[in-house]
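*Asks:* Protein chains in written order, with our numbering: chain A, 1 to 308; chain B, 309 to 784.
In this text, a Cβ means the ideal position worked out from N, Cα and C, and glycines have one as well.
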Amino acid sequence: MMLSRTADQLFWMSRSLERAENLARLLDVSYRLALMPQARGDKVELAVPMLLTGTLDSFHQRYPQLTPENMLNFMVFDSSNPASILGCLKNARDNAHAVRGTISAEMWEAVNATWLEARDRASRRHAYSDFFDWVKERSHLFRGATYGTLLRNDAYYFIRLGTFVERADNTARLLDVKSHLMSPAIEDSAPDYYAWSALLHTLSAFEAYRAIYRDSISARRVIELLVLQPDVPRSLCACAVEIRSILDHIQGETGRPAKRLAAKLVAGLEYGSLDDILEQGLHAYLSRFLADVHGLGEAIHRAYLEAA
Amino acid sequence: MHALTLPDARHHDEMLLASGAVRPHYQQFAEWLHSQTPAQLAEKRRAADLLFHRVGITFAVSGDESGAERLIPFDTIPRIVPATEWQMLEAGMKQRVTALNAFLHDIYHDHAIVRAGLIPAEQVFTNSQYQPAMQGLDLPHRVYAHITGVDVIRHADGQYYVLEDNLRVPSGVSYMLENRKMMMRLFPELFTRHAVAPVEHYPTLLLDTLRRATPKDNPTVVVLTPGPYNSAYFEHAFLAQQMGVELVEGRDLFVKDDHVFMRTTVGPVAVDVIYRRIDDAFLDPLAFHPDSMLGVPGLLSVYRKGNIVLANAIGTGVADDKSIYPYVPDMIRFYLDEEPILQNVPTWQCRKPQDLSHVLANLGELVVKEVHGAGGYGMLVGPAATQAEIEAFRARVQANPSNYIAQPTLALSSCPTFVESGIAPRHIDLRPFVLSTGQEVRMVAGGLTRVALKAGSLVVNSSQGGGTKDTWVMEG
Numbered sequence: 001m002m003l004s005r006t007a008d009q010l011f012w013m014s015r016s017l018e019r020a021e022n023l024a025r026l027l028d029v030s031y032r033l034a035l036m037p038q039a040r041g042d043k044v045e046l047a048v049p050m051l052l053t054g055t056l057d058s059f060h061q062r063y064p065q066l067t068p069e070n071m072l073n074f075m076v077f078d079s080s081n082p083a084s085i086l087g088c089l090k091n092a093r094d095n096a097h098a099v100r101g102t103i104s105a106e107m108w109e110a111v112n113a114t115w116l117e118a119r120d121r122a123s124r125r126h127a128y129s130d131f132f133d134w135v136k137e138r139s140h141l142f143r144g145a146t147y148g149t150l151l152r153n154d155a156y157y158f159i160r161l162g163t164f165v166e167r168a169d170n171t172a173r174l175l176d177v178k179s180h181l182m183s184p185a186i187e188d189s190a191p192d193y194y195a196w197s198a199l200l201h202t203l204s205a206f207e208a209y210r211a212i213y214r215d216s217i218s219a220r221r222v223i224e225l226l227v228l229q230p231d232v233p234r235s236l237c238a239c240a241v242e243i244r245s246i247l248d249h250i251q252g253e254t255g256r257p258a259k260r261l262a263a264k265l266v267a268g269l270e271y272g273s274l275d276d277i278l279e280q281g282l283h284a285y286l287s288r289f290l291a292d293v294h295g296l297g298e299a300i301h302r303a304y305l306e307a308a
Numbered sequence: 309m310h311a312l313t314l315p316d317a318r319h320h321d322e323m324l325l326a327s328g329a330v331r332p333h334y335q336q337f338a339e340w341l342h343s344q345t346p347a348q349l350a351e352k353r354r355a356a357d358l359l360f361h362r363v364g365i366t367f368a369v370s371g372d373e374s375g376a377e378r379l380i381p382f383d384t385i386p387r388i389v390p391a392t393e394w395q396m397l398e399a400g401m402k403q404r405v406t407a408l409n410a411f412l413h414d415i416y417h418d419h420a421i422v423r424a425g426l427i428p429a430e431q432v433f434t435n436s437q438y439q440p441a442m443q444g445l446d447l448p449h450r451v452y453a454h455i456t457g458v459d460v461i462r463h464a465d466g467q468y469y470v471l472e473d474n475l476r477v478p479s480g481v482s483y484m485l486e487n488r489k490m491m492m493r494l495f496p497e498l499f500t501r502h503a504v505a506p507v508e509h510y511p512t513l514l515l516d517t518l519r520r521a522t523p524k525d526n527p528t529v530v531v532l533t534p535g536p537y538n539s540a541y542f543e544h545a546f547l548a549q550q551m552g553v554e555l556v557e558g559r560d561l562f563v564k565d566d567h568v569f570m571r572t573t574v575g576p577v578a579v580d581v582i583y584r585r586i587d588d589a590f591l592d593p594l595a596f597h598p599d600s601m602l603g604v605p606g607l608l609s610v611y612r613k614g615n616i617v618l619a620n621a622i623g624t625g626v627a628d629d630k631s632i633y634p635y636v637p638d639m640i641r642f643y644l645d646e647e648p649i650l651q652n653v654p655t656w657q658c659r660k661p662q663d664l665s666h667v668l669a670n671l672g673e674l675v676v677k678e679v680h681g682a683g684g685y686g687m688l689v690g691p692a693a694t695q696a697e698i699e700a701f702r703a704r705v706q707a708n709p710s711n712y713i714a715q716p717t718l719a720l721s722s723c724p725t726f727v728e729s730g731i732a733p734r735h736i737d738l739r740p741f742v743l744s745t746g747q748e749v750r751m752v753a754g755g756l757t758r759v760a761l762k763a764g765s766l767v768v769n770s771s772q773g774g775g776t777k778d779t780w781v782m783e784g
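(1) Against chain A, with Cβ distances strictly below 8 angstroms, would ALA548/B count as a contact?
(2) Is ARG40/A close to chain B? Criterion is C-beta to C-beta, closer than 8 angstroms.
(3) Do you know how far the Cα of VAL604/B is from the Cα of ASP592/B?
(4) Considering just the uninterrupted stretch of the beta strand (DSSP E) at MET751/B, what are its terminal residues?
(5) Given a cut-off of 8 angstroms on the beta-carbon distance, is the pair ALA285/B and ALA317/B in contact?
(6) Along the chain, where does the beta strand (DSSP E) containing TYR469/B start, and where does it finish?
(7) So, helix, strand or coil for GLY148/A, using DSSP?
(8) What residue range is occupied by the uninterrupted beta strand (DSSP E) comprising ILE736/B?
(9) Could you work out which residues of chain B lie near LEU3/A, taking near to mean beta carbons separated by less than 7 angstroms?
(10) Hey, which unbroken runs of the alpha helix (DSSP H) at 4 residues or more fall wholly within the segment 621 to 654 of chain B?
(11) Is VAL529/B a contact residue of the ligand SAM, with contact defined as CB to any heavy atom under 7 angstroms?
(12) Using CA atoms only, rank isn't needed, just tell me which of ASP94/A, ALA219/A, ASP169/A, ARG173/A is closest to ASP192/A.
(13) If we count Cβ pairs, one from each stretch, closer than 8 angstroms, do we get three or more for the segment 164 to 175 of chain A versus the segment 125 to 136 of chain A?
(14) Quick one: which chain B residues come within Cβ less than 9 angstroms of GLY148/A?
(15) Can you tell me whether TYR271/A is buried or exposed? The criterion is at least 16 other CB atoms within 10 Å of its CB, across all chains shown.
(16) With THR725/B and ARG734/B assumed to form a contact (beta carbons below 8 angstroms), what rounded beta-carbon distance in angstroms separates them?
(17) Anything in chain A within Cβ reach of ALA545/B, meaning under 7 angstroms, just list it in chain order.
(18) Here's the rule I'm using: 16 or more other beta-carbon atoms within 10 Å means buried, otherwise exposed. How should ARG5/A be labelled?
(19) What is the DSSP secondary structure of HIS567/B, counted as helix, strand or coil?
(20) Assess contact between the segment 571 to 582 of chain B and the segment 519 to 529 of chain B, defined as three or more Cβ pairs (one per stretch) separated by less than 8 angstroms. Is contact present?
(21) Is the CB of THR254/A under 8 angstroms away from at least one CB in chain B?
(22) Look up ALA240/A in the DSSP assignment and say whether it is helix, strand or coil.
(23) With DSSP run on the structure shown, which of helix, strand or coil describes GLN657/B?
(24) Got a sec? Which residues, its chain only, sit under 8 angstroms from GLU436/B by beta carbon, not counting five neighbours each side?
(25) What's the gap between the Cα of PHE360/B and the Cα of ARG100/A?
(26) Using a threshold of 8 angstroms, state whether the C-beta atoms of GLY775/B and LEU312/B are closer than that.
(27) Please compile the residues from chain B whose C-beta is within a distance smaller than 7 angstroms of the C-beta of ASP154/A.
(28) What is the rounded straight-line gap between the Cα of ALA621/B and the Cα of LEU445/B?
(29) Pick helix, strand or coil for SER721/B, following the three-state DSSP scheme.
(30) Taking 8 angstroms as the CB-CB limit, is PRO536/B close to chain A?
(31) What residues from chain B crowd round GLN229/A, counting only those whose CB sits closer than 9 angstroms?
(32) LEU290/A: which of ALA127/A, LEU141/A, GLU166/A sits nearest, CA to CA?
(33) Can you list, in chain order, the residues of its chain with a C-beta nearer than 8 angstroms to that of VAL667/B? Leave out the 5 residues immediately preceding and following it.
(34) Quick check: is the beta carbon of VAL577/B nearer than 8 angstroms to any beta carbon in chain A?
(35) Grouping DSSP H, G and I as helix and E and B as strand, with all else coil, what is LEU591/B?
(36) What first and last residue would you give for the beta strand (DSSP E) that runs through ILE713/B?
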């Protein structure tokens, strides 16, 4: 049992951190692509981070031109953009501040020190690729502190829930946007090879791909890996399985609708096939998945986070 | 060798005589201090700053619009209190708090002390802190102030004086606990050489006090905070965590069927005791400030039915008001039939014409305070003020005399403290915490020592540039 407000703040604390980490992953790849001379003119690729976070309009209100520098500034260090990495870290810190009595001292210190140092790095305009690595490290540190120090009670479960709901959402969006930019038919072509392996790197799944398929990069296999493979930690299936199991651990009778949605999501992924997905179209499939995750998030809110 | 500034003879220094000789209870510490190089100690101070920052022991500065948080400066030279002095302080504070609780029960019931002519009726009943809603309400064990912070200072004569009693929502106990933790972490060797009385069990005592505040078995206790933007939020969260109870905001609670509930992930859960860190005026928008977003609508009506315990009770402010303060020695004699162990600071009440003319004639030597002021705001320190400041204050006092009291400028004792030039004496006060259950009054041997970091300054409040020190009560 815990306060609904506390559960809500724990949930959003970990969602914000997970979002910061995923942004760092995405921007790291975008940054490298932006460094390639031929990518300089590729406005669509540059707009991906804003498309993903729904902030393209507010970007255009603030910056005259879509350049790699402006995009990175807006998405990394711009504190007036709540969807920037800095904005996410601040949101995580503010939520942690409100629940610091519920999390362990190590977790609080990890979140608070991350925010303090991020602000400092932002003011010094720290080098981007180092900053991305650092953000990922800090996220790992927080997860490690959570795993290693927090009592396995509802606080722990709401934190984990936030992580996996956000991760499922992020992986699906990333896959959706990236696949949009490639050949309409899922066929293996040389230019796409780099894009698909970049996606694997973004999601730390490149080694997993090599280990599982022991074969060259193909679009079909990348999609199968990131959607259906339960053993890859950032795949849609892995996230859904985690969400279902976490919901089973949370006390109380109010969560039945959320549990039903989670079980449905898992069944669809565990028994799904790549051919089915490609037949209905990857974009259509992912749009439906994102709507389902959104619905699940709403059900979680109704059941636990805004109770009574 | 440390660059040491000696105290002057006009005030009492806790460690040194004006000649530089070390007082006996600081002998061992002084030896240790001289065995450390300035560089070693500077390194420890940097480590302390870093740790406090990382742990987030900060406070929000009121009036700072950016919502900035600052560290309260922590000084690594402890204030040491000999065992015999503590025994006197402890006895004196327990006596004082017992009398104050009796006074609160009396003025909300039979008014015996007023009828006996010891305190003028208008001083009590027209006081803005007096809560008519409390009249006739019986509280469990007759406890009003479950938690009290008593501010004491040591004057040039070597005696302790009570500066004020804090009976509403006294804060600072988390610094007492965190300062000790920090000292043990930085200087473990000091604690093997000194028999320092432990303070770490304070949260256990506090929880026990709160649980015993209700006749219910196995009660649900919560800490009620105004929220993360309150300057003492760190402490609210800290105490809730240490006690293992929920930290709630007003919006987490609601009233239904004459009971208070909190909103949880498993539905409504009944609450029995609220350790509230919100002022009376914000507790219940239906009864007090209608625009308060911090409180719980309907709380007062549940309270009046006896279905919830508030710690501290509503209406305790009337007893720690500076206009009531001069009467505390009389309360001790009246309710306990004892002589006060701790002395009050002599106080002139500007509402009395005779006192007023004395105060106006001597503004340059006195400390003048607003009756309801707190936090070092709204006060005049005569000897430190410019002529213009004195004249401005004179006009304010004349316009509303009953809003002010005046006291002699006390020579707060000093304690050696790390400053830019090395180690120099800085003025300090002391706030121990007193817990009351009705059956017993308990304290941990320690308190919060606040230090005015500016040379010569007597204002120790953290909001005005004060710092803190660990307080060591020696075991006798």
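*Replies:* Looking at the coordinates:
(1) As a working note, residue 548/B is residue 240 in the second sequence. Closer than 8 angstroms to some Cβ of chain A, the Cβ of ALA548/B qualifies, so yes.
(2) Locating residue 40/A in the first sequence gives position 40, counting from the first residue. Bear in mind that a pLDDT of 48 at ARG40/A, under 50, signals an unreliable position, so the model cannot answer this.
(3) Start at 1 with the first residue of the second sequence, and residue 592/B comes out as number 284. Start at 1 with the first residue of the second sequence, and residue 604/B comes out as number 296. C-alpha separation (whole angstroms): 5 angstroms.
(4) For the purposes of this step, residue 751/B is taken as residue 443 along the second sequence, with counting starting at 1. It spans 749 to 751 - the beta strand (DSSP E) in which MET751/B sits, taken as one unbroken run.
(5) Absent from the model: residue 285/B. The displayed extent of chain B is 309 to 784, so no value can be given.
(6) Taking the first residue of the second sequence as 1, we reach residue 469/B at position 161. Element bounds for TYR469/B: 468 to 474.
(7) As a first step, residue 148/A must be located in the first sequence, where it is residue number 148. Here GLY148/A sits in helix by DSSP.
(8) In the second sequence, the residue the question calls residue 736/B occupies position 428. Start and end: 730 to 739.
(9) Here residue 3/A is taken as the residue at index 3 of the first sequence, counted from 1. The answer, in chain order, is GLU554, VAL556, ASP560, MET570, ARG571, THR572.
(10) 625 to 628, 636 to 639
(11) Of ligands this structure carries none, so the ligand SAM is not represented either.
(12) Residue numbering aside, residue 192/A sits at position 192 when the first sequence is read from its first letter. Ranked by Cα distance from ASP192/A, the options ASP94/A, ALA219/A, ASP169/A, ARG173/A are led by ALA219/A.
(13) no
(14) Working through the first sequence from its first residue, we reach residue 148/A at position 148. The premise fails here: GLY148/A is roughly 17 angstroms from chain B at the closest Cβ pair, so nothing lies under 9 angstroms.
(15) What you label residue 271/A is simply residue 271 of the first sequence in a count that begins at 1. Exposed is the call here.
(16) Taking the first residue of the second sequence as 1, we reach residue 725/B at position 417. Taking the first residue of the second sequence as 1, we reach residue 734/B at position 426. Confirmed, about 4 angstroms.
(17) Residue mapping note: residue 545/B aligns to position 237 of the second sequence, counting from 1. Per Cβ cutoff of 7 angstroms: ARG100, GLY101.
(18) For the purposes of this step, residue 5/A is identified with residue 5 of the first sequence, where counting begins at 1. By the beta-carbon neighbour count (other beta carbons within 10 angstroms, threshold 16), ARG5/A is buried.
(19) Within the second sequence, the letter at position 259 stands for residue 567/B. Strand at HIS567/B.
(20) yes
(21) Translated into positions along the first sequence, residue 254/A becomes position 254. Yes, THR254/A counts as interfacial toward chain B.
(22) For the purposes of this step, residue 240/A is taken as the residue at position 240 of the first sequence. Here ALA240/A sits in helix by DSSP.
(23) The residue given as residue 657/B occupies position 349 in the second sequence. It is a strand residue.
(24) Your numbering for residue 436/B matches position 128 in the second sequence. It should be noted that the sequence gives Ser, not Glu, for residue 436/B. Cβ within range, chain order: HIS680.
(25) Position 52 of the second sequence, counting from 1, holds the residue named residue 360/B. Position 100 of the first sequence, counting from 1, holds the residue named residue 100/A. Taking the straight line from one Cα to the other gives about 15 angstroms.
(26) As a working note, residue 775/B is residue 467 in the second sequence. As a working note, residue 312/B is residue 4 in the second sequence. Against a cut-off of 8 angstroms, the Cβ pair of LEU312/B and GLY775/B comes out as no contact.
(27) On the first sequence, position 154 is the one that residue 154/A refers to. The contacting residues are THR573.
(28) Sequence index remark: in the second sequence, residue 621/B carries index 313 (1-based). Sequence index remark: in the second sequence, residue 445/B carries index 137 (1-based). Their backbone Cα atoms lie some 11 angstroms apart in a straight line.
(29) To locate residue 721/B, count along the second sequence from 1; it is residue 413. Reduced to three states, the DSSP call for SER721/B is coil.
(30) Counting from one through the second sequence, the residue named residue 536/B turns up at place 228. Cβ-Cβ to chain A under 8 angstroms: yes for PRO536/B.
(31) Reading the first sequence from its first residue, position 229 is the one you call residue 229/A. Result: empty, since nearest Cβ-Cβ is about 32 angstroms, beyond 9 angstroms.
(32) Position 290 of the first sequence, counting from 1, holds the residue named residue 290/A. Out of ALA127/A, LEU141/A, GLU166/A, GLU166/A has the C-alpha closest to the C-alpha of LEU290/A.
(33) Mapped onto the second sequence, residue 667/B falls at position 359. So the qualifying residues of the chain are TRP656, CYS658, LEU674, VAL676, VAL705, TYR712, ALA714.
(34) Residue 577/B sits at position 269 when you count from the first residue of the second sequence. So yes, VAL577/B belongs to the interface.
(35) Counted from its first residue, the second sequence places residue 591/B at position 283. Here LEU591/B sits in coil by DSSP.
(36) Indexing the second sequence from 1 puts residue 713/B at position 405. Residues 712 to 716.
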